[in-house]
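Report on the structure given below.
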Amino acid sequence: MNRWQSRRTPLTRRGPVSRFLLRSKRGQTRAQLRTGAHMLSVAEALNLVQAGVEPLEIQALPLAETLGHTLAADVISGQDSPPFDKAVMDGFALQAADCAGEGTTLQVIEAVTAGQVPQLAVTQGRATQIMTGAPIPEGADAIVPVELTTLEDGKVTINTVTAAGANILRCGEAMRAGEKVLAAGATVYPQQIGLLAELGCHLVTVRRPPRVAILATGDELVPVDREPGPGQIRNSNELMLAAQITRAGAIPVPLGIARDDRDHLALGIELGLQADMLLLSGGVSTGKLDLVPSELRKTGVEQVFHKVRVKPGKPLWFGTKDSLETITPVFGLPGNPLSSMVCFEIFVRAAIRQLTGQAGSGPSLQLPLAADSKPNRHRPTYQPAMTVTSGATTAVEPIAWVGSADLYSTVKATGMVVLPQGDQVIPQGTVVEFLPW
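Its first residue numbered -19, the sequence shown is counted upward by one per residue in the working numbering.
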């Protein structure tokens, strides 16, 4: 047993009914695509990915351990916030009618700090000294900040005109009891933790982050700390994919390099299938040593699709390994690093969102092109790009590249611009889709 295998939960992710429905949905989608007998579009491939992936099991975690997790249930407020009318400034609680003009002097009847409860009601000609967060005394309808007053011998002089409601936050003004304040599928960030703490949610129902195994393939690969020999390259994809997995809210499980040998590759696949998802890098095209699809079939991984009409990333492979307890999604990513990166952002990220039960399909913007752009005549292009701002206008500028092995072109990129296929140059100013990283 390896260092991460023992942490895999024994809980099942689905019951018999949900497994049947999932397989039926996947089968229906495949049947629809067979009638077309064509290379899949990005949208069709994404539909099949989402049909082949379902959320991981639910678990209750201490609030302090939920950062980055996905909520598995709606959160309903059990209280008003604030729970009482409260001061939002240090100052004096009074009746606004007493402050029709500057220079009004009032008798100070008590001082109230946060955590205390006022004992006396404010009446005409009287005021209560109050601190931020303290409850508003009965009869008061405004607070004058302390810096606009002068306190002397138990009396306060008000040096401003004050309106009713000034510097008071009313009970329930921020949040009402019974209100849905967080939805299932939301990611837990520090602000969500703060809100959950305010509501007393010391245990939170979330979906655990998936463990995603990475298996790089190819005799040409060497570890990044080694000097490549003739015809060799460093295994950059493993570390890049691990970073993308972490950024997507999952846990990377690097498995090293599988050589172009069926036995060695089979061992790596068997180990990788113990994770919640398996990514293989390389070996999915049509070359003599592209062994990944056939070895996956031998281990019981059923191919869902192979090849997508997209540039870069056409050789993308996707399948699932069905067992009694789980359905494990498997991606065969192209070996060229830019193809691998782009396919991760389009397809693997969507699968991770599905595993974690996240809402929506991720961020997408509609922005004008900052310059004329030449599309690919056969496939839509997901080209690294950056946003540029001029005055009040934000546009997207594709970054020049020299092919799917060109990682250097991505260094300045902040996302991908989607250029539809075609023969004609796409003019500057045309609104296109931009997918932020």
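Positions of the beta carbon are idealized from the N, C-alpha and C atoms, including for glycine.
- Query: With burial defined as no fewer than 16 other Cβ atoms inside 10 Å of the residue's Cβ, what is the status of Pro203: buried or exposed?
  - Reply: In the sequence shown, the residue the question calls residue 203 occupies position 223. Exposed: under 16 other Cβ atoms inside 10 Å.
- Would you decide whether Ala94 is buried or exposed? Buried here means 16 or more other CB atoms lie within 10 Å of its CB. Here the question's residue 94 lines up with position 114 in the sequence shown. Counting Cβ neighbours within 10 Å, Ala94 comes out exposed, since fewer than 16 surround it.
- Message: Cutting at 8 Å between CB atoms, please list the residues of its own chain near Thr374, excluding the five before and the five after it.
- Response: Working through the sequence shown from its first residue, we reach residue 374 at position 394. These residues qualify, in order along the chain: Leu347, Thr367, Val368.
- Would you say Leu276 and Lys287 are within 8 Å of each other, going by their C-beta atoms? Taking the first residue of the sequence shown as 1, we reach residue 276 at position 296. Taking the first residue of the sequence shown as 1, we reach residue 287 at position 307. Against a cut-off of 8 Å, the Cβ pair of Lys287 and Leu276 comes out as no contact.
- Message: What does the Cβ neighbour count give for Arg14, buried or exposed, with the cut at 16 atoms within 10 Å?
- Response: Reading the sequence shown from its first residue, position 34 is the one you call residue 14. With a pLDDT of 42 at Arg14, under the threshold of 50, the predicted position of this residue should be treated as unreliable, though the coordinate-derived value follows. Under this definition Arg14 is an exposed residue.
- Item | Closest Cα partner of Ile138 within the set Arg150, Leu74, Ala164, Ser320 | For the purposes of this step, residue 138 is taken as residue 158 along the sequence shown, with counting starting at 1. Closest by alpha carbon: Leu74.
- Item | CB contact flag (Leu415, Glu325, <8 Å) | Position 435 of the sequence shown, counted from the start, is the residue given in the question as residue 415. Position 345 of the sequence shown, counted from the start, is the residue given in the question as residue 325. In contact: Leu415 and Glu325 (Cβ atoms closer than 8 Å).
- Where Leu100 sits in the DSSP three-state scheme: Within the sequence shown, residue 100 is the residue found at index 120, counting from 1. Here Leu100 sits in coil by DSSP.
- Three-state secondary structure (DSSP) at Lys278? Stepping through the sequence shown from its first residue, residue 278 is reached at position 298. In the structure shown, Lys278 sits in a helix (DSSP, three-state: H, G or I).
- Message: Just to confirm the assignment, what range does the beta strand (DSSP E) spanning Thr226 have?
- Response: Walking along the sequence shown from the start, residue 226 turns up at place 246. That residue, Thr226, is in no beta strand (DSSP E); its alpha helix (DSSP H) goes 216 to 227.
- Message: Just verifying my parser: in three-state terms, what is the DSSP assignment at Thr15?
- Response: As a position in the sequence shown, residue 15 is number 35, starting the count at 1. Any reading at Thr15 needs caution, since the residue's pLDDT is 37, under 50, leaving its predicted position unreliable; the model's value is listed next. Coil, per DSSP.
- Message: Output needed for Trp(-16): all residues of its chain with C-beta closer than 6 Å, excluding positions within five of it in sequence on either side, in chain order.
- Response: Stepping through the sequence shown from its first residue, residue -16 is reached at position 4. No answer about Trp(-16) holds up, because its pLDDT of 38 lies below 50 and its placement is not dependable.
- Option nearest Gln212 by Cα separation, candidates Arg227, Arg329, Arg239, Leu219: As a working note, residue 212 is residue 232 in the sequence shown. If we check each option's Cα against that of Gln212, Arg239 comes out closest.
- How many Å lie between Ser265 and Arg188 at the Cα? Translated into positions along the sequence shown, residue 265 becomes position 285. Translated into positions along the sequence shown, residue 188 becomes position 208. C-alpha separation (whole angstroms): 33 Å.
- Query: For Phe285 and chain B, any beta-carbon pair shorter than 8 Å?
  - Reply: The question asks about chain B, but that chain is absent: this structure has only one protein chain.
- Item | Nearest-angstrom Cβ-Cβ length linking Pro35 and Gln224, presumed shorter than 8 Å | In the sequence shown, residue 35 corresponds to position 55, counting from 1. In the sequence shown, residue 224 corresponds to position 244, counting from 1. Not confirmed; about 20 Å, so no contact.
- Same chain only: Cβ atoms within 6 Å of Ser319, ignoring 5 sequence neighbours per side: What you label residue 319 is simply residue 339 of the sequence shown in a count that begins at 1. The answer, listed in chain order, is Pro292, Gly293, Ser384.
- Item | Range covered by the alpha helix (DSSP H) that runs through Leu175 | Position 195 of the sequence shown, counted from the first residue, corresponds to residue 175. Here the alpha helix (DSSP H) through Leu175 covers 170 to 178.
- Query: Secondary structure at Thr390, three-state DSSP: helix, strand or coil?
  - Reply: Position 410 of the sequence shown, counted from the first residue, corresponds to residue 390. Helix, per DSSP.
- Message: With the cut-off set at 8 Å, would you say Gly262 and Thr308 are in Cβ contact?
- Response: As a position in the sequence shown, residue 262 is number 282, starting the count at 1. As a position in the sequence shown, residue 308 is number 328, starting the count at 1. Contact flag unset, no.
- Item | Counterpart residues of Lys301 in DSSP-defined beta bridges | Mapped onto the sequence shown, residue 301 falls at position 321. Paired residue(s): Val281, Thr308.
- Item | Beta-bridge pairing of Ala238 - partner residues as DSSP gives them | What you label residue 238 is simply residue 258 of the sequence shown in a count that begins at 1. Ala238 is bridged to Thr197.
- Query: On the premise that Thr108 lies in contact with Phe72, defined as a C-beta separation below 8 Å, what is that separation, rounded to the nearest angstrom?
  - Reply: As a position in the sequence shown, residue 72 is number 92, starting the count at 1. As a position in the sequence shown, residue 108 is number 128, starting the count at 1. Between Thr108 and Phe72 the Cβ distance is about 7 Å, and since that is below 8 Å, they are a contact.
- Item | Given Ala144 as reference, the closest of Ala80, Val411, Gly236 once Cα atoms are compared | Your numbering for residue 144 matches position 164 in the sequence shown. Looking at the Cα atoms, Ala80 is the closest of the given residues.
- Cα-Cα, which of Ile237, Gln96, Gly229, Gly209 is closest to Glu218? For the purposes of this step, residue 218 is taken as residue 238 along the sequence shown, with counting starting at 1. Checked all of Ile237, Gln96, Gly229, Gly209; the closest Cα to Glu218 is Ile237.
- Query: Gln408: which of Glu377, Glu200, Gly395, Pro400 sits nearest, CA to CA?
  - Reply: Against the sequence shown, residue 408 aligns to sequence position 428. Comparing Cα positions, the closest option is Glu377.
- Going by the beta-carbon positions, is the gap between Met111 and Pro190 smaller than 8 Å? Here residue 111 is taken as the residue at index 131 of the sequence shown, counted from 1. Here residue 190 is taken as the residue at index 210 of the sequence shown, counted from 1. No, Cβ-Cβ distance for Met111 and Pro190 is not below 8 Å.
- Since Ala122 and Ile89 are thought to touch, with beta carbons under 8 Å apart, how far apart are those beta carbons, to the nearest angstrom? Reading the sequence shown from its first residue, position 142 is the one you call residue 122. Reading the sequence shown from its first residue, position 109 is the one you call residue 89. Not quite, the Cβ-Cβ distance comes to about 16 Å (not below 8 Å), so this is no contact.
- Message: Please report the distance separating the alpha-carbon of Gly152 from that of Glu159.
- Response: Looking up residue 152 in the sequence shown gives position 172. Looking up residue 159 in the sequence shown gives position 179. Straight-line Cα distance between these residues: approximately 10 Å.
- Query: Val29 by DSSP, collapsed to three states: which one?
  - Reply: The sequence position of residue 29 within the sequence shown is 49, counting from 1. Looking at Val29 - three-state DSSP - the assignment turns out to be helix.
- Item | Alpha-carbon to alpha-carbon, Ala67 and Gly229 | Counting from 1 along the sequence shown, the entry for residue 229 is found at position 249. Counting from 1 along the sequence shown, the entry for residue 67 is found at position 87. Roughly 39 Å separates the two Cα atoms.
- Task: Compute the Euclidean distance between the alpha carbons of Asp241 and Arg329, then round it to the nearest angstrom.
- Result: Looking up residue 241 in the sequence shown gives position 261. Looking up residue 329 in the sequence shown gives position 349. Those two C-alpha atoms are separated by around 29 Å.
- Of the choices Leu28, Gln401, Thr390, whose alpha-carbon is the least far from that of Pro317? Translated into the one-based positions of the sequence shown, residue 317 becomes position 337. It is Thr390.
- Query: Since Val55 and Phe327 are thought to touch, with beta carbons under 8 Å apart, how far apart are those beta carbons, to the nearest angstrom?
  - Reply: Within the sequence shown, the letter at position 75 stands for residue 55. Within the sequence shown, the letter at position 347 stands for residue 327. About 30 Å separates the two Cβ atoms, so there is no contact after all.
- What are the start and end residues of the alpha helix (DSSP H) that includes Ala77? Locating residue 77 in the sequence shown gives position 97, where the first residue counts as 1. No alpha helix (DSSP H) contains Ala77, which DSSP labels as neither H nor E.
- Could you tell me which of Asn215, Leu221, Asp270 sits nearest to Leu245, measuring between CA atoms? Position 265 of the sequence shown holds residue 245. Minimum Cα distance to Leu245 is reached at Asp270.
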